[in-house]
Amino acid sequence: MESKPPAGMTLAAPWRPYLSDEMAAVIMPLVVYWLYSGLYHLVEVLVPSGVKAYRLHTWDESSKNLTSVPKVVGGVLLQQALQAGVAVALFVFDDSTQRSQPEPDTWVQIGQLLVAMFIMDTWQYFCHRWMHVNKFMYRHFHSVHHRLTAPIAFGALYNHPVEGLLMDTVGGALSFLLSGMSTRLAVLFYCFATMKTVDDHCGLWLPLNPFQKLFSNNSAYHDIHHQLHGGKYNFSQPFFVFWDRILGTYMEVKVLRREEDGCLQAAPAVCRVSAYLPGVELKRRQERKRSRFCVGLFSTSSG
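Heads up: the sequence shown begins at 146 in the working numbering, then just goes up one per residue.
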């Protein structure tokens, strides 16, 4: 007799006869990464004049990144190969991950997605902050990612392999395992997280981009972190900013247009620092607490 799924759950049809949910969870985020980042790259190459007004950095600033495009691509491919290997091992050797068939109600799945987002944000915030505070970790591992002083879309996962394994691979595995989501739902979650991470590094501020409008943690928010004066702030990634707010590492961001070249720039929203943003005055907040924060911010350098 054919068994029935538990009450409130349905059986999910396979993706394709040749593609299990487990393999889809491994392969599809990789495909999404290169398609989405490739789209950004093509737009910037084919219509540079059309996107100039939305760039957070000039072409000259982007050309001063401390690494080359081939090295970025090679580094990302290496990390993705390591991630794929770990994911395959997780699905093959741990029977508890075989959750492809029973699918709970929609509201339960939404709850699982939110739990997974919270877990990933929590893991990445504390790992990310630790890699800045610990000089050894920053110098030998995290500094690789910060060679991109002007973030680019396909450099979102440009990290040292140790950092990639610790932050992204372990963080993704914990989000999947602890949220209780099915492998089918994990495919959606991983693809969404991948697109969000790419978008946060795209270096553009687009008026109709849903990621940039719906999330406070967006390309401008993360761009500040890659700048000299923002290296000790905005550690949260990839979804929310609550850990930055709670633990005092939140830097409010304002996107302003530079007079000298017409490009945009992400800058602190609470200080007026003409040397930091030539030709543009930023609105000063009147609260004494924020004024003291500004003085402290620009008297220190990034770790």
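Glycine included, C-beta positions come from ideal geometry on N, C-alpha and C.
No experiment lies behind these values; they were computed from the predicted model shown.
From the DSSP output, which residues share a beta bridge with residue i?
| i | result |
| --- | --- |
| K399 | A412 |
| R292 | According to DSSP, which records beta bridges pairwise, R292 is partnered with nothing at all. |
| L349 | R200 |
With residue i and residue j assumed to form a contact (beta carbons below 8 angstroms), what rounded beta-carbon distance in angstroms separates them?
| i | j | result |
| --- | --- | --- |
| Y185 | A298 | 4 angstroms |
| P383 | K341 | 5 angstroms |
| G300 | L311 | Actually they do not touch by this definition, with Cβ atoms about 18 angstroms apart. |
| L227 | T314 | 7 angstroms |
| L211 | A318 | With 8 angstroms as the limit, L211 and A318 do not qualify as a contact, their Cβ atoms being about 30 angstroms apart. |
For the alpha helix (DSSP H) that residue i lies in, which residues bound it at each end?
| i | result |
| --- | --- |
| F238 | 214 to 238 |
| G120 | Within the shown structure, residues of the chain are numbered from 146 to 448, placing residue 120 beyond reach of any answer. |
| V260 | 251 to 278 |
| E405 | Counting along the chain, E405 falls outside any alpha helix (DSSP H), and DSSP gives it neither H nor E. |
| L373 | It is not in any alpha helix (DSSP H) - L373 carries neither H nor E in the DSSP assignment. |
| Q357 | 355 to 359 |
| W204 | 204 to 207 |
| F286 | Per DSSP, F286 belongs to no alpha helix (DSSP H) and is neither H nor E. |
| G316 | 315 to 324 |
| F380 | Run containing F380: none; DSSP gives neither H nor E here. |
| I297 | Taken as a continuous stretch (DSSP letters only), I297 belongs to no alpha helix (DSSP H), as it is neither H nor E. |
| F385 | Per DSSP, F385 belongs to no alpha helix (DSSP H) and is neither H nor E. |
Does the Cβ-Cβ distance between residue i and residue j come in under 8 angstroms?
| i | j | result |
| --- | --- | --- |
| P413 | V400 | no |
| Q142 | G309 | As displayed, the chain neither begins before 146 nor continues past 448, which places residue 142 out of reach and without an answer. |
| K377 | H285 | no |
| T394 | F385 | no |
| M265 | A331 | no |
| H290 | Y303 | yes |
| V171 | A232 | yes |
| Q295 | H370 | The sequence given here places Ala at residue 295; Gln does not occur at that position. Going by C-beta atoms, A295 is not nearer than 8 angstroms to H370. |
| S182 | V343 | yes |
| S364 | G348 | yes |
| C336 | M168 | no |
| A229 | L180 | no |
| D389 | H367 | no |
Does any residue of chain C bring its CB to less than 8 angstroms from the CB of residue i?
| i | result |
| --- | --- |
| G256 | Absent from the structure is chain C; it holds one protein chain and no more. |
Practice item. Examine the Cβ distances between the stretch 255 to 262 and the stretch 325 to 345 and report whether three or more of them are shorter than 8 angstroms. Key: yes
Check your understanding: Okay, do the stretch 399 to 408 and the stretch 200 to 219 touch, 3+ Cβ pairs below 8 angstroms being the bar?
Key -> yes
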